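Numbering-wise (my numbering), the sequence shown opens with residue 47 and increments by one.
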Amino acid sequence: MFPVGKCPKCEKVVTNPQIEQVETGSKLSGPLYRGINITCQHCHTIIGSAIDPIWLQKRIVDELLDAMGIAPRKRR
Ligand SMILES: [Zn+2]
């Protein structure tokens, strides 16, 4: 199956979306989270944003281990 989704700005087919890491939230309004922006590889328009799923997975595992009294492993 070939990608057919088009960028809403340049209208080219986005076959290789780029992922940029960003911080979300504000030090004044609450905690900072790592996020990602998914951008068009042609014109760099942001076509999606989300909390960084890898960062979120690590936080959930660390909090579960902490709740169970187990120290999280050191990670690279
Ligand atoms: Zn584009």
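Just so you know, even glycine gets a beta-carbon here, dropped at the ideal spot from N, CA and C. Owing to the predicted nature of the structure, the values given are computational and were not obtained by experimental measurement.
Checklist line | Straight-line Cα distance separating Y79 from I97 | finding: Taking the Cα positions, I97 is about 7 angstroms away from Y79.
Note to self: In this structure, how does DSSP classify A113 when only helix, strand and coil are distinguished?
What the structure shows: Residue state, collapsed to three classes: helix.
Next item on the list: Apply the 10 Å Cβ neighbour rule to T61 and answer buried if 16 or more other Cβ atoms are within range, or exposed otherwise.
Entry: Classification of T61: exposed, given that the 10 Å Cβ count is below 16.
Note to self: Any heavy atom of ligand 1 inside 6 angstroms of the beta-carbon of K55?
What the structure shows: Ligand 1 approaches K55 closely enough that one of its heavy atoms is under 6 angstroms from the residue's Cβ.
Next item on the list: Over the uninterrupted beta strand (DSSP E) stretch that includes S95, give me the two end residues.
Entry: For S95, the uninterrupted beta strand (DSSP E) run begins and ends at I92 to I97, by DSSP.
Next item on the list: Between the Cα of I65 and those of C86, K55, K73 and G71, spot the shortest distance and give me the residue it belongs to.
Entry: For I65, the nearest C-alpha among the options comes from C86.
Check: Helix or strand or just coil, what does DSSP make of K58?
Finding: The answer is coil: DSSP assigns K58 none of H, G, I, E or B.
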